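Per my numbering, residue 1 is the first one in the sequence shown, and the count goes up by one each step. Virtual Cβ for every residue (Gly too), placed ideally from N, Cα, C. Owing to the predicted nature of the structure, the values given are computational and were not obtained by experimental measurement.
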Amino acid sequence: MFETIVALATAPLKSALSIVRLSGDDCFFVVNKIFSKDLTKYTKNSIIHGQIIDGTETVDDVVLLLYIAPHSFTGENSVEIISHGSPIIFNKIIDLCIKSGARLATGGEFSSRAYFHGKMNLMEAESINDLINAESEESKKISMMALEGKTSLLIEPIKTKLGDLLSNIEVNIDYPEYLDIEEANNEKIVEFCRDILKYIDELIKNGNKGNIIKDGIKVAIVGKPNVGKSSILNALLNEEKAIVTNIKGTTRDIVEGKINLNGVIINLFDTAGIRESSDVVEEIGIKKSIEKLNDSDIVLCVFDSANFDNEDKEILELVKNKKHIIVYNKSDLIKEKVADNLYISALNKDIEPLKNKILEILDLKKENYENPSIANVRELGLLRNIKEILKNVLRDTEKDVPIDIINSEIKEAYLKTLSITGEDFDFDISKEIFSRFCVGK
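This is the structure:
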């Protein structure tokens, strides 16, 4: 039996309308105690107009949406109370529901119940949170494909092949006397592993690009003082976000902003100029600059001359293991330009070459925006785990490791495949996922 939970399903703000959502076996009886009409007689999904009452007092004129299990989002009996959008009203309704036997829902509890009742798999459930947090039309599209179940289909070939191979091996082990059963020999296992690893590599490659579209990237702008870092940030944002002066060390803390570049959210971080400094405050800013550099997906190294000094070389040393773009700012002041170098003038808003270079590094194609991809971090991590396990299977098979050990490794890969969609019903994993959702979802 599932106890009745209640939460606000709309934003906790003053608005025209608000929705209070309940779900659970007894939710009709809970709402019945505070509603002007008898809900217990309804046997199919219904829309009902009436009043929420507190004793003899009318709280609000409302519309109820009644969902009879299993025909609801959660798969349970469910009620949505559409009220006027005053916080006084919707908080009063929630309070009355709790007094009548409901309890306040935890974050993601409605979605977790939908998952438990088989209304969606774990990939589809996670996509709800991604959809809520989408910051671009392209990100929304990636998340919507997952919610519609299109992304889950990408896992089916792995699950089917692993299941078939596992069954074949276990039959060979348990019934060696049956000669008419196809033998899962080393050659077959090696061929299988190579095929499935190739497929997983493609999923990971497309998933990484899908993750960029879904979540965006972090770009740090670094360089010595006065090379134009803040001007570049302002030019990219098309606003005067960062203070620009000719005084070295003006920027002492991280200045942030974001832009939508061809459907990808670029989170920009203007940093303090990196140099040797005896100023305590500036030194703190420089430390933050290096931390942000290490945390970013792409680093823009800004120089204003082709003649590097030691400080420039130190900056290049810091980014040698990071994806980075070398940018020569103040191009209008540089007389001799080197072929293939990237020149811009932030002051004159001439930054298109920089935008194009960022897009070139991202290497996103039309199909990355239009096709489903496994773009969720947890799911990508599990895919990488499966890949490593199958690489071990391949290596052990080529070394003639006993088949029962090979079988246990394949079983581990199979269980991890099931855990991507939540079919292994590992609720320690699911609780962690749903705890990240907002209350009411």
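Throw me the rounded Cβ distance for the residue i and residue j pair, which I believe falls under 8 Å.
| i | j | result |
| --- | --- | --- |
| L233 | L268 | 6 Å |
| V255 | I315 | About 18 Å; that fails the 8 Å criterion. |
| L39 | N32 | 5 Å |
| G101 | V20 | No, G101 and V20 are not in contact; Cβ-Cβ is about 15 Å, not under 8 Å. |
Checking the sheet assignment: what are the DSSP bridge partners for residue i?
| i | result |
| --- | --- |
| R21 | A7, E80 |
| D26 | In DSSP, D26 forms no bridge with anything. |
| K258 | N267 |
| S345 | D350 |
| E327 | In the sequence as displayed, the identity of residue 327 is Val instead of Glu. Answer is V302, L342, bridged to V327. |
| R103 | I5 |
| L66 | S46, V79 |
| A413 | A413 pairs with nothing; no bridge assigned. |
| F73 | None, per the DSSP bridge assignment. |
| T58 | I53 |
| G85 | S15 |
| I221 | D270, L300 |
| I35 | The sequence given here has Phe at residue 35, not Ile. Paired residues: I52. |
Taking the alpha carbon of residue i as the point to measure from, which residue in the options has its own alpha carbon closest?
| i | options | result |
| --- | --- | --- |
| N294 | N91, K33, K198, V219 | V219 |
| K14 | D38, I212, H84 | H84 |
| L394 | L96, S152, F192, E109 | F192 |
| I325 | D332, S100, D297, I88 | D297 |
| P157 | T417, H71, I290 | T417 |
| D309 | K224, I334, N407, K258 | K224 |
| G50 | I81, S72, G422 | I81 |
| L147 | N262, A125, S139 | A125 |
Once you ignore the five residues that flank residue i on each side, which residues in its own chain have a CB closer than 7 Å to its CB?
| i | result |
| --- | --- |
| K411 | L166 |
| A235 | A346, K349, I351 |
| L342 | I325, I326, V327, Y328, P353, L354, K357 |
| L480 | This structure cannot speak to residue 480, because the chain is shown only from 1 to 441. |
I need the boundaries of the alpha helix (DSSP H) containing residue i, first residue and last residue.
| i | result |
| --- | --- |
| L390 | 377-398 |
| A134 | Unbroken run through A134: none, as it is neither H nor E. |
| K198 | 186-215 |
| L237 | 229-237 |
| D312 | 310-318 |
| S112 | 109-116 |
| N368 | 366-370 |
Excluding the 5 residues flanking residue i on each side, which residues of the same chain have their C-beta closer than 6 Å to its C-beta?
| i | result |
| --- | --- |
| I52 | I34, V59, D60, V62, I93 |
| S18 | T10, S83, G85, F90 |
| N206 | S373 |
| Y178 | Any reading at Y178 must be qualified, since the residue scores a pLDDT of 47, below 50, and its modelled position is unreliable; no value is offered. |
| C27 | T4, N77, V79 |
| R378 | none |
| D304 | V227, N329, K330 |
Suppose the cutoff is 8 Å on Cβ atoms and the five residues either side in sequence are ignored; what does the same chain contact list for residue i look like?
| i | result |
| --- | --- |
| Y449 | The first residue shown for the chain is 1 and the last is 441, placing residue 449 beyond what the model contains. |
| C301 | V222, G223, I315, L316, V319, H324, I325, I326, V327 |
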